[in-house]
Structures are given as structure tokens and as C-alpha cells.
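**Q** First the structure, which I've put down as C-alpha cells, then a few questions once you've had a look.
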Amino acid sequence: NQELCYVDTVDWGSILRNGERFAASNKEGPLCPTCPASCENSKCWNADVCQNLRNNKNNCHELCLGDCTGPRPDQCSACVSVVDEHAACVERCPPDRFEFVGRRCVTDEECRKSAVPPAYLQREDRAGFPSKAWIPFNGTCSLVCPQGYQMSMNNAGKQGCEACVGHCRKICGNGSRIHIGNVDDIQSLNGCTYVNGSLAIHLMGSKVVEELESNFEAIEEISGYLKVSYSYPLVTLNFFKRLRVIHGTQLESDQFALIIVGNDNLQELWNWDSRPRNFTIEKGTLCLHSNPKLCISEIEKLRDIAELHNTTTDEISYESNGNEITCIVIKMNASSVVINSTSTMIQWDPFYVPKGRGTLLGYTVHYIETSVKNVTLETENDACEVDKWRVAYVVLSTTQSVTPVRMSHNISHLKPFTQYAYYVKSYVTASATEEGRSSIQYFRTYPDRPSIPRSIRAYSNSSSEIILHWQPPLFPNGEISHYVIVGWRHFDDAKLLDQRNYCHLPLEHQKEDRDDQLFYESESKDSCCKPVARGICISNDDSELNFIYNEESVNKEQDSCDQETSIYSVLYSPRLYGNGGGIYDSIDLADGHFVQRSEGNTTIAVLKDLHHFSKYTVQVVACSKNYSGEVEVEWNDRHCSPASLVTTRTRKLETADHINSSFVKVTVDWGTVRVFWLEPSDPNGVVVTYHIEYRRTDILNIKPIVVCVTKLQFEKAKNWFVLDDVAPGKYALRIKATSLAGESNYTNFVNFAVKREMTPLPRHAEIFVLLTVIVTLLIILFCLTYLIWKKMKVNTFTTIVTSSNPEYVSLAVYEPDEWEIVRDKVELVRKISKGSFGIVYEGILWPANIRCAVKTVEEKATIRERIEFLTEASVMKAFAGGHHVVRLLGVVSRGQPPLVVMELMALGDLKTFLRECRNMVPSPINLPRIFLMAAQIADGMSYLEASKFVHRDLAARNCMLTENITVKIGDFGMARDIYETDYYRKENKGLLPVRWMAPESLEDGIFTSKSDVWSYGVVLWEISTSAEQPYQGLANEEVLQFVLRGDLLEKLESCSQVLYNIMLLCWQKRPVNRPSFLRLVNIIESVADVGDEFRQSSFYHSQMGNELRGTGCQTRTRSSYEEYSFEDTNCLKSCEKNKEQEFPLLNEEVHCVPETRTSSGFNFHMDALTHRSRSSTAEPHYLNMSTQTLRVTGKDYVLG
């Protein structure tokens, strides 16, 4: 009663008789109005009416029920038992009185004159209820005699009851015809032995045979005639188990005493082998017509037993009875072979039809589910078709020339561990005079996996125990041999709880469940249809629903895949699933995990030795017994059910949160009080706050002061807390902890005293302190002025040069190292390219005769430009081990001009190569080549990423190609003046490659490996479009706004959808949602074959690459392209704004959540390459572009 209130505000014990009451699932008390304030003991019927308890049981007699006017039994408003003739409550009636309807005592005459309820009179008119008046008998006034007695007339002609001799005779009917047309009519004759009148049965509904058998089994005599007509559900009259005489005092058409007409399915009258042959018709004859399945032999049996020999064709029709079946049955031999839990093979001997007596068309296999072995051919259908014979047709093959020695048919879709009855019958033409039919036999299917245990509930009765209840599986599919109980502990996340200030938002604790809490399950017993099996059942203790934190976020890494694997490895171990008896002891799997085995005849378990106030998830698995004859299978595959889960928490340990008073210390220093204590060693869950209470002991009746300290504050202060502004005086202090389970007891008082402060300083001392402060401030101001002047002087002396890789060079001179090459060993062969900043030559490095690329600066380059040139070259020294990074061979810094010697990239840069391939037929750029290039670029960038290097200018123009079309990362800041149209200058400031830059780089000036991943996605777009310009048709300013608005490059028709999906991964708006370069290599390898050469030479497959990728599962990662969820561009845009989406990074798992832009400026954050290439802890450099004068030598960079 979900909306019922005031159930608990009524004192039911004062108004109900002895007995139990049950009221559950009503509206909760806090949601209901309260009783009026004037109600005694807050007892009321509703918000307006109080329950009258002014004269309760303490004042009333013990036989009173409810209110009374005095203490005597005759002053009761109602009685617990009965009231006598003096209106007094008595426990039972006097010997000369009779109890009337359990309320009052009446005399014999009063009983007989009492009015009979109309409902009984109507029933008497219809079905002949035995009595029309009340009968006083054995101290009770009743309408019927008790069991074992029947009504009789005494000498005074009054009705009474007398003991039956044998069966009690019960007469029903008033001499007229009783029509039986529905279940109510059938039930009206329950227990009747003599039908006073005629009985006419005409049934059309279903599920009536069972009612007939239970209500008509006592009928022995019918005074009139018996007529059974057009009752389609009937196949036999065996429900008249004791019928022996039809007197025939009334006859149908003044002639017939037994009329059986128009019953299409009637196949048998009575089974004379199972009942006495003592059937008599005293007057009248038979009338049997139009019963097409009732054989003449059945009629002749009845005629002979009733000794009615002179029957005519008008009485018994030989044409319309039995005309639709073959009445001569030849016995066939049949057997069964159980195959598995749902299939059985039925075998039988062939049936031969004599020549000229019809044709054999095939066979029918009839089978039915049954729990007993007394099934007959006449088993009736019910509304849910539980007992319906199912039929399988086996048609003879017309091409089969030889009849097989043994026929067979497989029956499938059976229920596991279920008994079935079956028989085989020949299927012949209507002209056949004989048919074959086997006897009814039985088989049972093998067991199968049980369904889940039901209604699993758990509650804790102590700090170390959980009581577990469950109900057996609805479909055991065998005999349940045992249950396996697996549980694991959830650890409270202290870091998560620290995010809430429990001093400002204290806990709201729930009441604990009672130990004797009962769990009820509502099952429909009246439904005729069987229930449907359900999937896994997960339950959660109600006390957890409104707890203090989100359960999902509290599950720590203890619930990792390692622990789950260990749970299931033990769950399906032979020890648990053996046939041994007894309950297994707990098995430690991991911290807080256990497994227990319970016998199959128990549905309760006590989980012991648990941790106090800890949340446990427990699952129950039902396992069935293995039976001989079954095909051996794995236990976890067929014999054990899915798991039912429940989560609950153990009770708190009262002493767990207590603070040890011995370790509470108080120190006082000039009015500052410092308090030290130790936290509880094993609290109930997690301690969230401490409360320090201190009070004056030198002043009476003063209110104590309570200070709340969060656990986070306590830990940061290393177990200390400072009480400020404590007035001088004597104090007593005590502390208590508050955990997730509630507050603990206070510690013992600790006494301390705060002394008064010393006398104020004299006037001359105050003046001295003031002058000292002023002088100190002047010195600080002077130093700041000097530093600003010096900085301005340096900025006037020189300018800062920036590039696509903004490395801030110092004025220090380049120092030669092991990379230094003698100038004479470098031979310049031919000029490859020239820009405004430098020149690139093809050369030869002697004496090894290695073809190489030599870069140098223009003769007119300044000293700073030369130093920057060498510094940028020095960056490449850290990348000598990367196969897909352009390798530095050496540096010539002595003499002029400086030279940087690198490996020769014969095919030049990727952008030029792609454009040259546009008109080639066939084109060397096919889809496999594109994926190989993408993998090579990602592998080179993953090497830079592992070296803590951020490229900042990844583009096709800065990717170089060898003679065998291997792509390598190159031009670390030295390619900007070759493709001047790819860069943009904003308001006369630095050059920026805006078409390759990530949103965070454009908006906040932040460059990380994740911004390089964005640029990598643009490079893939360049490769797929043969080096078309990104965002073609948009000006640079428009591109900047386009990217910041969240728009993405469109997919062209020539672009592979898989490749574009990888681009979308790289273009996630939030940097943390973009994959790492190692992850990108992993994705590409999962969708394309990159070849053995790549696997042998790549950084990804190197030892360091394997270490970075990791092989554990403590942090969940995806390892293939198929595990990513790709969507089209519009969907990804919607994801960034509206919904959460997961994109894993290297060794971490992140989530896509809505983001709000907080800045639109261009304050750039740049990491120092020369430092980050060696250390992961280098500090980043920040540059405010609005206050610096920058100079570059190209046309294509944008100063932002």
C-alpha cells in the first residue's frame, strides 16, 4: 500500500484479537502527516481523529477488546471472545448455550429461529445446500454439520447432526434438473454423494477436467438421468469415480436415462480396469450418438455391464460413433534414448498395414511433461497448455525403397531434468481399419545449468558478520548440490572523501537494519502459466541508498582485473565443485576477498571474520549435481548458475574510532595553543572530522567551545592543530573522531593554562621597529628598480628570435663536443634548396664516403642567428636513436660558416613529394602506403614524445623522405622560410603555423605532445589529399576563428573512412582525450599491415617502446582500433558539448566531459626544448608576446 499512512500510529493490539498482523511496503512515516498534538501517546487514525485510549487495557477487563466504560466484563465495548445473555464478555458459552458466528451465546430456540443469510439461500436453491436453517450442535450454532457428521431428524422433528457410518451421505438438489455449464456449477456439487434430480453437463471452457475430478468424485447416485452433450473438453467420464446407480425417476424424452451426444473428443466412457463393474440403470435406456472418437467397443462394454442387451440403432448409432478414429489398435514397441538436457531420441519398430486395409502415411510421436507415472491417453489440456500432448509428425519418405529395421525421431526443446511421458502412433488413411500404438512410457532429460538464486538479501548483525538469505533457483534444472558464495570488500576512497568538507556538510546517518529483519517475496500461486527465467539478479541493501557518497566513485583500484581473475579462478576450482560435503572455510584470494561453499539444502549463510563497517559485495552461485550417464562437461559451463549479487555493509565497531587519550598533547606558546593527537589505527571506514572541545575550568557555567577539524587539515598539519586567540586562563580539552559510521566517544580531559601576554614595548622600541621596517622596504624597492632597469637594457641591446619551435637561446657561445667534425671531412656537392635563413647542400662525409645533407647559414647572418642555428642543431643530438627521426651526423662549429651535417633525405620533404605524385600513373601513394607513412610519422613522434620533446611545427613540409620512401621527422625549426605561405604573421609579431595548430595553442599558447597529436591529424589530412592546403579558401584569421569555434576539416571522398576516424581521434578538443603517439601506432597496426621492416626498426617495437606501452592491466587501455567508438564529425562535435566519451591515453584512462572556454587571448606557454629533451621536470618558459619585439627572416610565420 504505497500511499497508506497512519499504519504505525494505531495501537492495533488494543483492538485486535490475539493473532498476528502484517503490514509492509506502506508509505514511509517521514512522508506522512503527524497525529494531532492532543492525541494520547501520538496514536491516531488520521490527521484529525485520535485513537481513544483513555480507558485502555490497564483499566478494562482482560476480556474487553478496545474501549470500555469500567473495569467489569459487562462494561466492555467489544469482547475478545463472546458475549453472554447478560451482555457480559465470557471466554466461552455456558453448556446450555451455543456460540453464534463467534460473537454471542444463544439458546437452542434462538439458534433455530435466526435468519439464514441470503447468499446461503441462493446457493441452496441452485445446488441444494443441506440446510435451510441454523443447527445447534456441539456448542455451536451452524448451517452445516461438522466433518464426519450428517444431518438427521430427531424425534421432535427438528434437524440435528449424527455421526456417519462410513461415508457421510450428502444430498444435493431439489428434484429438478441441475445444469453444469461452468466451473462455479461444478464446484456447487463438491462433496455430494446423492444428486436429487437430473444432471445435464454441457461444458465449453477449458481447465474443467481437474475441477470435475475434484468435485464429482463422491457422486454415487443420480435420481433422474445423466446427460453429457457437446462437451468438447471431455475425453473420458472417469471423473465419476463412484457413480454406480442412475435411478431414472426422470427420463429424457420419457425414454433415456444416460444420454451422451455430440462430444467430439470423448474417447472413453469409464476405465473398467480401474473401477468396480457395478454400474446400474434402474429405469430407462441408453442414447449415444455423434461421438466420432468413441469406439463401439467402449459402448458395448457399458451396455454389457449395465445389462441393457436389447438396444436398437436409434439408441446406439454405429455410424456416428467412432467414425473418425481407428478402433483396432495393434501394440508397437517403442523406447527412448536421452541425448542431453533438452533432447531425446524416440525409437520404435515399423508398423505394417495389411494390404487392402488402408495406407501408412507416417507416424506421430506424442509426448507430454509429467511429474507422475500414471498418465493416460485422455490427459486433458488446461488454459496454459501445461498438460497438452505435443505431437511430432514423422512423414515416410516416398523415395525410400526399403523400410528401416528401426524408426527413430529426435525430440528437442525439452526442459532440463524433467520427466516426460510418450507414445508412438501410426498415421494411416481414414479407410484403415487398424492402427499401431505403443504403450505410454517415460524418460527424464539430463540436468542443465540452474537459473540464478532468487531474492538474495543480506544484513549485518555485528561488526564482523553478514547474514545472507536467498531462495533456490526458480528453474533448478537438476538437484542443487551446493552453493558457492564469493565476496569482496570495497575500500572507502579517502582521497575522494577529502573533497568534501564534512565540517560544513556533516554526515546524515541512517538507522541500522534490525538483526531479525525478514524478507518476503511475492509469488503468484494462482497463475496457470509458468514464470519466465530472468538474468543476473543484483540487489542492494536499502541502507546504502542514501549514504554519504557515490558508490561507483568509491570503488578503488582494489577491484581491478587481477582480483576479479583470482576470484573466478577459485570460483571454478575443483575444490569448490567437488562432491565433498560440509561447508568450506573461507579462502583468501586478495585483501578482503573470500569464497565459501554451502550445502544445497540451505538458503542461509553466515559470513564471519569480516572487517568492521566495510561494504561487501557478495554473489551466490547455485551448482547442480552431476548425474551418471551425462556427457562430462565443465562445471562452470553447465552445472552452475549465473550469480546473484547483493551489496551491504557490516556494522560499526564501537571502539574503533576512539582516540587514545595517552597520546593527546597540548603545548602553549604566547597565547597559541597547539594540540597533537594520533588518529584511530583502524577506524570504521574513514575518519572525516575531529572535534576539539575546550572549556574554561577557572570560570563556572561557561559554555565549551567546539572546533571542527577535517581529516585533510589534520594530515596536512602532521597531526597538529593550532587554536588561535585563546584567552588567558585555565582550560580542559578533549577530542573525538567522526568516521563514516558516526561519532566516537571523547577522550579524557587534558588540562592546560594560557598565561597573560608580556607588557607592551616602550615608546623608543616601537620607533626603532618602525624605522627598521621602512629601511627594509626602501632596500627592496631599490633592488626591484635595478632589476627592471637591467632587464630593459638587455632588451634594448638585442632582440629575441622565435621559430616554429620557439627555443629561447642564451648569449652563451656554442661549446664543441663529441659531435664536432673537422671541416675538411665535409665536401659540398650541390645546392639543394635555399631560403632567407639558410642553405641546404648535398654533400659527402669523408673518409666514410657517406652521402649527407649539409645545412649552413647565409654569409650575412648575424652572430645571434649563427648561435641559434647551432642551438637548433644541438636539439637533434638527443634523437640519434630514432629510426624515423632525421639523424644528425655531426656539427662543424669551428670557423665560418657553421655547418650541420645530417643524413641525406633523397626525396626531399613530404609535401613536395605528395604534390609531385598527383599526376603520376600509377601513383606511388596508395592506401597501404598512406597507412605505412602514418605509422612511420607516429613512430618518429612517439620517440620525440618519449624524449620529452615537443615539436610544435609538425607538418608535411617538415617530414622528410629517404630513397625508399621512408618518412622521417626533420627540420626542427629550420624549414620555416621554404614554405612561407604556410605561416601567418599576426599584428607584426611572430610567425605561427595556424593551420596545423591545436585550439589550446591558438588560444592559450600551450604546446604539448597533445598539440603535436592535433598537428599529426592535419598531416594525415595532407597525405590523404596529396598535400592540399588545410582549410583551403579561408584566410588565416578565419582559420583561427574556425578552429577555436570547434569546427573540423571535412572528409574528402578520396579519403579512407578508417583514416579519417583516426584524424577525429587526433582532433579531440580536450588534449587529454587525444591518444598518445604510441597509441596511434597501435591503432594503425590494428587496421593495416605495416610490414616486417617497420616492426624491426620502429621505436614502438623497441625495448623502450615496449616498456612505455606496458603489459599489465592495472590501468585499463585499449589495444586495437576496433575498441574505439568512432562517430561522424557532427557526432563528435555534439560529444564535445553534450556527452561523455572515453578515449584512452598511454597507461591512463580519461573521460570526455563538457568544457567551457575561459580565455580568448594569445599568452603562449612554451617548454624549453634543450632542457625537456633530457629531463621531464624542466620548468616551462612563458612569453608575453605583447611586450616583446621579435624578428624573423621568413614571410610565413605569425607572431601571436
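Counting in our numbering, the sequence shown runs from 179 upward without gaps.
Just so you know, even glycine gets a beta-carbon here, dropped at the ideal spot from N, CA and C.
Just so you know, these numbers come straight off a predicted model, no measurement behind them.
#1: Cα-Cα, which of A931, I837, C818, V664 is closest to V824?
#2: In this structure, how does DSSP classify F434 when only helix, strand and coil are distinguished?
#3: Among G863, S642, H869, whose alpha-carbon lies nearest the alpha-carbon of W855?
#4: Does DSSP classify N588 as helix, strand or coil?
#5: Looking only at DSSP bridge pairs, what is K843 linked to?
#6: Measure the beta-carbon distance from Y408 to S376 and round it to whole angstroms, keeping in mind my assumption that it falls under 8 Å.
#7: Identify the continuous alpha helix (DSSP H) that holds F653 and give its terminal residues.
#8: Applying the criterion that 16 or more other CB atoms from any shown protein chain within 10 Å of the CB defines a buried residue, is T414 buried or exposed?
#9: Just to confirm, is the Cβ distance from S1254 to E1050 under 8 Å?
#10: Can you tell which of F1127, V373, K1012 has the C-alpha that lies nearest to the C-alpha of V353?
#11: Spatial neighbours of N923 within its chain, please: C-beta separation below 7 Å, excluding the five flanking residues on both sides.
#12: Suppose you measure from the CA of G907 to the CA of S840; what does that come to, to the nearest Å?
#13: Pick helix, strand or coil for E871, following the three-state DSSP scheme.
#14: When you compare the CB positions of A1113 and V1236, do they come within less than 8 Å of one another, or not?
#15: Tell whether a beta-carbon distance below 8 Å holds between Y1121 and F1185.
#16: If you draw a straight line from the C-alpha of S1276 to the C-alpha of I1022, how long is it?
#17: Hey, S792 and T845: beta-carbon distance below 8 Å or not?
#18: Whole angstroms is fine: what's the gap from N1083's alpha carbon to L1139's?
#19: Among G614, Y598, P1100, whose alpha-carbon lies nearest the alpha-carbon of T504?
#20: Can you grab the Cα-Cα spacing for the pair D189 / W223, in whole Å?
#21: To the nearest angstrom, how far is it from the Cα of G1290 to the Cα of V1145?
#22: Measure the C-alpha to C-alpha separation of Q328 and C319 and round it to an integer number of angstroms.
#23: Hey, would you say Q649 sits closer than 8 Å to T781, going by beta carbons?
#24: Taking the alpha-carbon positions, what's the R290 to E269 distance?
#25: Just to confirm my understanding: we take P654, look at its own chain, exclude 5 residues before and 5 after, and list those with CB closer than 6 Å. What are they?
#26: Skipping 5 residues on each side, what residues in its chain have a beta carbon closer than 6 Å to that of Y1209?
#27: Decide if P1249 is buried, meaning its Cβ has at least 16 other Cβ atoms within 10 Å, or exposed.
#28: When you compare the region 438 to 446 with the region 469 to 478, are there three or more beta-carbon pairs, one atom per stretch, that lie closer than 8 Å?
#29: Does the region 629 to 637 come close enough to the region 524 to 533 that 3 or more CB-CB pairs lie under 8 Å?
#30: Within this structure, are the beta carbons of F927 and L911 separated by less than 8 Å?
#31: Checking contacts by CB at 8 Å: is K843 closer than that to chain C?
#32: Taking Cβ positions, are F457 and I494 nearer each other than 8 Å?
#33: What residue range is occupied by the uninterrupted alpha helix (DSSP H) comprising F394?
#34: With DSSP collapsed to three states, give me the class of S1202.
#35: Count the other C-beta atoms from every protein chain shown that fall within 10 angstroms of the C-beta of P1076, then say buried if there are 16 or more, exposed otherwise.
**A** The relevant details are as follows:
#1: V664
#2: strand
#3: Comparing Cα positions, the closest option is H869.
#4: strand
#5: F854
#6: Taking 8 Å as the upper bound for CB-CB distance, Y408 and S376 are not in contact here, some 17 Å apart.
#7: No alpha helix (DSSP H) contains F653, which DSSP labels as neither H nor E.
#8: buried
#9: no
#10: For clarity, residue 353 is Gly in the given sequence; the question names Val instead. For the residues F1127, V373, K1012, the minimum Cα distance to G353 belongs to V373.
#11: Correct list, in chain order: H836, K914.
#12: 23 Å
#13: strand
#14: no
#15: no
#16: 27 Å
#17: no
#18: Here residue 1083 turns out to be Met, not Asn, going by the sequence shown. M1083 and L1139: Cα-Cα distance of roughly 5 Å.
#19: G614
#20: One C-alpha to the other measures close to 10 Å.
#21: For G1290, the pLDDT reaches just 35, beneath the cut-off of 50, and the residue's location in the model is therefore unreliable, leaving the point undetermined.
#22: Rounded to the nearest whole angstrom, the C-alpha separation of Q328 and C319 is 15 Å.
#23: yes
#24: 23 Å
#25: P628
#26: The beta carbon of Y1209 lies closer than 6 Å to those of R1173, V1217 in the same chain, with the five residues before and after it left out.
#27: buried
#28: yes
#29: Result no; under three Cβ-Cβ pairs closer than 8 Å.
#30: yes
#31: The structure shown contains no chain C; it is built from a single protein chain.
#32: no
#33: Bounds of any alpha helix (DSSP H) do not take in F394, whose DSSP letter is neither H nor E.
#34: helix
#35: buried
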